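The block underneath contains the structure these notes are about, expressed in structure tokens.
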Amino acid sequence: MSGLATVLLTIAFVVIVALLAAAGAGKLARLDGATYPTAVMRAATTFATVLTLAAALAGALSQVFS
């Protein structure tokens, strides 16, 4: 498998995981009694947090392996 394909598959996987985490956070917020805007805000925060964590991890790993 080429390096570009590996990078694209990894990016797709991270985005899917972020979307699943955001959906779970939004659903849990609604079950907790939050309004729809609050639940969407928590989902968006979770999505951004997962992407930020993945970027930080990629940056740390690139320094280790280079």
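In the numbering used here, each number is its position in the sequence shown, counted from 1, plus 17. Built from N, CA and C at the ideal position, the CB exists for glycine as well. Treat the numbers as computed from the prediction; the structure is a model and nothing was measured.
**Request:** Determine the extent of the alpha helix (DSSP H) in which Gly-20 is found, giving its start and end residues.
**Result:** For Gly-20, the enclosing alpha helix (DSSP H) starts and ends at 20-48.
**Prompt:** Hey, out of Ser-83, Ala-71, Ala-77 and Thr-62, whose CA is closest to Gly-43's CA?
**Reply:** The alpha carbon of Gly-43 has as its nearest neighbour, out of Ser-83, Ala-71, Ala-77 and Thr-62, the alpha carbon of Thr-62.
**Prompt:** What residue does the alpha helix (DSSP H) around Thr-63 start on, and which one ends it?
**Reply:** Per DSSP, Thr-63 is one residue of the alpha helix (DSSP H) stretching across 53-82.
**Prompt:** Among Ala-72, Gly-76, Val-81 and Gln-80, which residue has its Cα nearest to the Cα of Val-32?
**Reply:** For Val-32, the nearest C-alpha among the options comes from Ala-72.
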